[in-house]
Structure formats: structure tokens, C-alpha cells
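Visitor: Under numbering that gives the first Met the number 0, the letters of the sequence shown match residues 0 to 410, in that order. Here it is, the structure in full.
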Amino acid sequence: MFLMRFTERAYVNYTEEDVRNSPNEAVRLTFSNSNFDPAEGHYLYNMYLDEYEYSEEVGFDGLMLNEHHNTPTCLGATMNLEAAILARVTKKPKIVLLGNPLPIFDNPIRLAEELAEIDMISGGRLVSGFVRGTGVESLATNTNPLHNRARFEEAHDLVIKTWTTPGPFRWEGDHYHFRVVNPFQTPLQKPHPPVWIPGTGSPETLIWCAERNYPYIFLETDPQGTQDMKAIYAEAAREHGYEPGPENFGYLVRIHVQDTDEKAYDVGKGYMVGNIGVGRIPLPRDYASPVGYGSRSDDPRFLRLREQIRSDPFRVGGLDGAQYDSILDSKRWIIGSPDTVISQLREVLSFMRPGILAVWTNDGSISHEDTMRCLELMGQEVLPALREIGEELELTDPFQKEGVMPGLTAI
């Protein structure tokens with residue numbers, strides 16, 4: 000099982016009143032950047048990079064980054080820049096980007112060049128994930144949501160061809176036109192870096208991934224809904240001649256460890272207390288999923304999952320203390336002492352069977368000191384136990400399936 004560490008790198012120096020006073024009471028897209036303090040940003044960016052460096056020291060196989068725009072909930076507006084820094088200062092973990100929002104790029108060739116450089120600097124440790132981005136990303140970059148999926152698929156095809164086909168060649172697509180495609184830099188990994196796709200269960204994306212044998216990483220989705228969506232992937236995979244296993248699936252879950260259950264319970268509240276706009280104030284529907292953006296699937300399995308997502312307080316707002324307890328009871332967030340976390344994770348892994356586990360260790364108002372202690376305990380007790388559980392449950396990851404050990408040593 001491949002174990003990677005994640006945080007959204009939130010900016011938390013704002014109040015609920017600030018959000019209430021923003022246009023449409025939205026913490027994304029229209030929340031004024033007058034609420035941002037660059038001096039605090041200087042501190043936070045360096046703190047988050049320090050925590051990622053320590054994540055290598057405690058033994059994570061991968062360092063996961065994501066990207067969002069026009070929001071304090073994620074400071075990763077240029078994820079590839081952070082990835083380039085980590086590629087240089089770390090030695091073993093994979094640099095996992097989940098992912099670059101392809102539809103907002105007008106020049107996918109430039110993106111292919113950036114990623115190739117990261118792969119070379121890291122010594123071949125890049126995992127290049129791609130996403131469609133939320134509605135906010137489309138609106139922030141003046142990209143028509145109606146063309147989001149088509150631009151995603153064409154940009155993906157162009158990036159892959161740029162990496163694998165000697166230039167120069169010409170590209171004339173529906174959304175991208177280049178007379179000369181011939182970037183001089185190409186990735187170290189051949190034929191190209193691994194591609195993983197994260198999401199919340201769009202059937203179209205699941206089928207698209209299965210057709211290409213790309214691992215799909217479920218982002219905090221309901222356990223039963225996740226199983227339903229895995230079945231859609233599996234059906235498409237069988238149509239393409241293979242039986243998917245744990246190596247085809249990943250799962251992102253919030254996991255926070257402290258010395259005692261009581262301490263972890265109190266610290267874990269920071270996930271929702273700090274993320275004022277995410278957990279407690281609904282994001283306007285047109286921001287999250289503008290007209291033309293969402294899936295048109297009528298598969299009942301997807302419709303059940305979509306309804307669950309739309310009623311999830313953490314995704315749509317309204318989260319409070321009682322719901323915090325409910326989330327912990329459901330094991331969607333796993334918070335406690337090492338023994339408690341290991342026990343609960345065994346249950347989750349037995350049911351979900353992911354070959355890739357993304358560990359969301361901190362966010363919101365969780366302090367740097369508490370984060371570092373969490374990472375220390377993860378390295379000392381939780382990660383070794385998870386590796387044993389992974390072997391016991393035969394949770395093969397993509398690198399083991401290919402006969403490649405995670406964590407290629409940098410050149």
C-alpha cells in the first residue's frame with residue numbers, strides 16, 4: 000500500500016464575519032484578497048514546506064499537493080512551484096500532484112514542460128495527476144464550464160503526446176491549436192510519469208480512467224457510495240480486458256494522531272474551526288458547479304452519491320460540533336491516539352481496499368506544533384502498522400504491481 004501525506008495549506012487569518020460580508024457570502028472566488036496578509040503568507044508557505052520535508056523523514060511514500068484558485072482554503076495556487084521546491088529538497092518520496100486543472104490552461108505544452116522539469120529535478124519521482132477543477136477555477140479563469148470536460152480530455156491527450164512523441168509535430172484539435180509542438184525538455188520517466196486522477200465519483204471520469212488504466216483517488220467520499228463508484232470503474236475495466244485491483248484505487252481520509260484520544264479529539268476540531276467558509280457557510284451552487292459543468296449521468300449509483308455529497312455539511316456548509324461527532328462515528332475522519340487510529344483504519348481499509356491511502360493530517364486551525372507531533376507519531380507507530388495491514392490485506396499499490404519500489408532514489 001502506498002502512503003502519501005496531504006494538507007490543503009489553508010490560510011486561516013480571517014473571520015466568519017469577513018466571509019458573511021463578502022459577495023454572496025462566499026469564501027471562494029469573490030472573497031476579497033484584501034483579507035490576505037503577505038507577511039502571514041510568507042510564514043505559512045515556509046511552514047507547510049517544512050512539514051512536507053518532515054513527512055519524508057517520518058517515512059511517507061509520497062507528498063501530495065493540490066491546486067485551487069481565488070480562495071484562502073488552499074494556498075496552492077501554483078502547485079507546480081511547490082512541487083519543484085520539494086523535488087529539490089527531498090530525496091525519496093514521490094511528488095504526487097492531484098492535480099493540475101487542465102481545462103484552465105490555454106497552453107498545455109507549457110504545462111508539459113514544467114512537469115518534465117519537476118520529473119528530472121526529482122530524479123523521476125513525479126506522479127502527474129490531472130483534474131477538471133471546480134466551477135470556481137473555470138469562473139476565475141474565464142473558461143466556459145460547458146467545455147470543461149472536452150478541454151480536460153484534449154489537454155490530457157496533448158500533454159501525453161508531447162511527452163511521448165518526438166517533435167516537431169502539429170496539433171489541430173477542437174480547443175487547442177499549435178503549429179509547432181517541440182518542447183526540448185522531456186520527462187525522465189518513460190514513456191511518461193504515472194498519471195493518477197482524483198475526484199468525487201463522476202461516472203464519465205471513472206470510465207475514462209478505467210479505459211486508460213489510471214488509478215482513481217476518491218476524495219473523502221461516502222464509503223458505500225465509493226464502493227458503488229468502484230463498480231462503475233470495474234465494469235469499464237473488464238470491457239477493456241483487465242480486472243482492476245487495489246492498485247487502481249485510492250482514498251483520501253483525514254487522519255490526525257495525538258498521544259491520547261482526548262487530545263486528538265480537541266485538536267481535530269481545527270479541521271472545521273479553521274475552515275470557516277468550507278465547513279460552516281454554504282458555497283453558492285453556481286460557484287461550485289455552474290451550468291454545464293456537472294455530470295449528466297443518470298446511473299442510480301451516481302445519483303445516490305451525488306445526493307450524499309449535496310447533503311454533506313462539510314461540503315455544503317452548516318458543520319457544527321454535533322456533526323463533528325457524527326463524522327468521527329462514521330469513521331470518515333479518523334482522529335485519536337495511535338492505537339485508536341490503527342484500529343479504525345484497519346476497518347476502513349478492509350472495507351474500502353485502496354492500494355493508495357492519502358493521509359490528510361492537518362488543516363484549518365491545527366497548529367504547527369500539533370501537526371509535527373502528529374507526523375512524529377505517524378512515523379513511529381501508525382505507518383509501520385499500516386504497512387503490515389496493507390500486506391495482510393494484499394493492498395497492492397501501482398508501483399508494486401509494476402514491480403517498482405515506491406520512492407525511487409533521486410539521481
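In this text, a Cβ means the ideal position worked out from N, Cα and C, and glycines have one as well.
Can at least three beta-carbon pairs, one atom from the stretch 173-186 and one from the stretch 138-154, be found at a separation below 8 Å?
Guide: yes
Visitor: Excluding the five sequence neighbours on either side, which residues of its own chain have a C-beta within less than 7 Å of the C-beta of Val266, listed in chain order?
Guide: His255, Gln257, Ile365 and Asp369
Visitor: With Phe398 as the anchor, note down where its alpha helix (DSSP H) starts and where it stops.
Guide: Pro397 to Lys400
Visitor: Please report how far the alpha carbon of Thr259 lies from the alpha carbon of Ile94, in whole angstroms.
Guide: 31 Å
Visitor: Tell me the DSSP secondary structure of Pro202 in three-state form.
Guide: If DSSP states are grouped into helix, strand and coil, Pro202 belongs with the helices.
Visitor: For Ile410, which three-state DSSP category applies?
Guide: Because Ile410 carries a pLDDT of 46, less than 50, the predicted location of this residue cannot be relied on, and the following value inherits that uncertainty. Correct three-state label for Ile410: coil.
Visitor: By Cβ distance, which residues of its chain are closer than 6 Å to Pro186, with the 5 residues on each side in sequence left out?
Guide: Ala115, Asp118, Trp162 and Pro192
Visitor: Among Asn23, Leu374, Val126 and Asn212, whose alpha-carbon lies nearest the alpha-carbon of Asn65?
Guide: It is Val126.
Visitor: Here's the rule: buried if 16 or more other CB atoms are within 10 angstroms of the residue's CB, otherwise exposed. What is Tyr270?
Guide: buried
Visitor: Using three-state DSSP, classify Asn131 as helix, strand or coil.
Guide: Note on identity: in this sequence residue 131 is Arg, with Asn being the wrong assignment. Residue state, collapsed to three classes: coil.
Visitor: Going along the chain, which residues of its own chain have a beta-carbon closer than 6 Å to the beta-carbon of Arg150, five neighbours each way excluded?
Guide: Pro102 and His174
Visitor: If we ignore side chains and look at the alpha-carbon of each, how far apart do Glu390 and Gly58 end up?
Guide: 17 Å
Visitor: I'd like the ranges of any beta strand (DSSP E) spanning at least 3 consecutive residues and lying wholly in the stretch 297-382.
Guide: 332-335 and 355-359
Visitor: Using 8 Å as the Cβ pair cut-off and three pairs as the minimum, do the stretch 10-29 and the stretch 45-61 touch?
Guide: no
Visitor: Measuring straight from C-alpha to C-alpha, what distance separates Gly4 and Ala357?
Guide: The sequence as given places Arg at residue 4; Gly does not occur at that position. Computed Cα separation, rounded: 6 Å.
Visitor: On the premise that Gly354 lies in contact with Pro222, defined as a C-beta separation below 8 Å, what is that separation, rounded to the nearest angstrom?
Guide: With a Cβ gap of about 16 Å, Pro222 and Gly354 do not count as contacting.
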